[in-house]
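So the sequence shown is numbered by the UniProt record's numbering: it starts at 1 and just counts up by one.
Only one structure is covered here, and it is reproduced in the block below.
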Amino acid sequence: MKMTIDKKLGQILCVVHDIGKIYIPEELYEPGHLHEKFGKEFLSSWGIDSSIYTICETHGEWRNYSPSLEESLAILSDRLWRGARDSELEEMIAHLLCEKTNQSFWDIYLFLNSIFEKIATQGTIQIQQDALLHKIKREHL
C-alpha cells in the first residue's frame with residue numbers, strides 16, 4: 001500500500017507555524033503564545049488558506065484537536081529543534097503512520113525514535129549557539 005502524505009503542505013506548515021514571532025520577537029527567546037494569534041491573523045490577511053494558517057494558532061495546543069499527519073510533524077518539529085521530546089505526540093505520529101502503511105506500531109516507533117533523538121540532540125546544540133550569539137550581540141552592540 002502506497003502511503004500518501006502531502007510533503008509540500010508539511011514543509012509549508014513547518015516553516016510558517018511560528019511566523020507570528022515577526023510581531024512578537026521576544027518570543028524567539030522566551031516562551032509565549034501571543035505569536036500564535038498574530039501568525040494566524042497575518043497569514044489570513046494575505047488570503048492564505050485556513051489549511052495552512054490554522055497551524056499558527058493550534059501548534060501550541062495540539063492536544064485540543066486532532067491534527068493531521070502533516071500538522072503533527074510540524075508540531076513535533078517545533079519541539080525537536082529545541083531538544084524537547086514529546087512521547088505522546090511521537091506515539092500519535094507513529095499511530096498515524098501505522099494507519100497509512102499497515103506496518104506495526106513498534107517497527108515504526110523504533111525507526112522514528114532514532115531519527116527524533118538525532119534531531120533533538122542536534123537542535124539543542126544549534127539553540128545553545130544561537131542563544132550565546134544573541135547574548136553577545138545584546139551586551140556588546
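Heads up, the beta-carbon is just placed ideally off N, CA and C, and yes, glycines get one too.
Bear in mind the structure is a predicted one, so any value in this text is a computation, not a measurement.
Cα-Cα separation, residue i to residue j
i	j	result
P31	L110	30 Å
L34	I22	11 Å
G83	T121	6 Å
E41	I93	28 Å
L69	L28	26 Å
E88	R63	9 Å
D78	V16	11 Å
E61	G123	22 Å
Helix, strand or coil at residue i [DSSP, three-state]
i	result
A120	helix
D78	helix
E91	helix
S68	coil
G39	helix
D86	coil
Same chain, Cβ closer than 7 Å to residue i, five either side skipped, listed in chain order
i	result
F38	G20, Y23 and I24
S72	L89, M92, I93 and L96
Residues near residue i in its chain [Cβ-Cβ closer than 8 Å; skip 5 each side]
i	result
I5	L69, E70 and K100
C98	S104, F105 and I108
S51	L9
Sequence-distant residues of its chain with Cβ nearer than 6 Å to residue i (five each side left out)
i	result
I119	L80
> Which ranges would you report for the alpha helix (DSSP H) in the segment 1-27 if only whole runs of at least 4 residues count?
Replying inline: 7-16
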